[in-house]
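Numbering (the numbering used here), first residue to last: 11 to 106.
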Amino acid sequence: RINGVPLRRVDQTYVIATSTKVDLAGVDVAALKDTDFAKKRVARTKKSDGEFFKTETQKTALPAERKDLQKKVDTALLAAIKKTENLEFYLGATFG
Numbered sequence: 011r012i013n014g015v016p017l018r019r020v021d022q023t024y025v026i027a028t029s030t031k032v033d034l035a036g037v038d039v040a041a042l043k044d045t046d047f048a049k050k051r052v053a054r055t056k057k058s059d060g061e062f063f064k065t066e067t068q069k070t071a072l073p074a075e076r077k078d079l080q081k082k083v084d085t086a087l088l089a090a091i092k093k094t095e096n097l098e099f100y101l102g103a104t105f106g
């Protein structure tokens with residue numbers, strides 16, 4: 011990874027448009043769908059006093075297929091980025 015950002019949809023207001031391009035011809039993203047980026051909504055229930063003050067939260071693990079897809083896209087992207095000189099440093103730099 012260049013900057014540690016996982017595969018996710020990013021709003022345009024958080025993206026800086028530049029003239030730099032990365033050739034993604036070798037990246038197979040056919041397995042990605044819009045539903046992969048949507049959050050799973052859970053219906054809220056009324057909590058009792060004990061549940062309200064409970065501090066432990068339950069973490070959900072990523073599915074194995076999502077991890078495999080992330081690795082597949084990362085390897086293809088890193089190979090494309092390494093073809094261009096200094097592109098890895100440019101993408102890893104903070105703007106602003």
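Ideal Cβ placement from N, Cα and C applies to all residues, glycine included. This structure is a prediction, so every number in the text was calculated from the model and none was measured.
- Query: Is Asp33 near Ala103, with beta carbons less than 7 angstroms apart?
  - Reply: no
- Query: What residue from Asp38, Thr23, Val25, Arg19 has the CA that sits closest to Lys81's CA?
  - Reply: Asp38
- Validate contact between the segment 74-88 and the segment 16-26 using beta carbons, cut 8 angstroms, 3 pairs: yes
- Item | For Gly102, the first and last residue of its enclosing alpha helix (DSSP H) | 97-102
- Task: Could you give the DSSP three-state label for Gly60: helix, strand or coil?
- Result: helix
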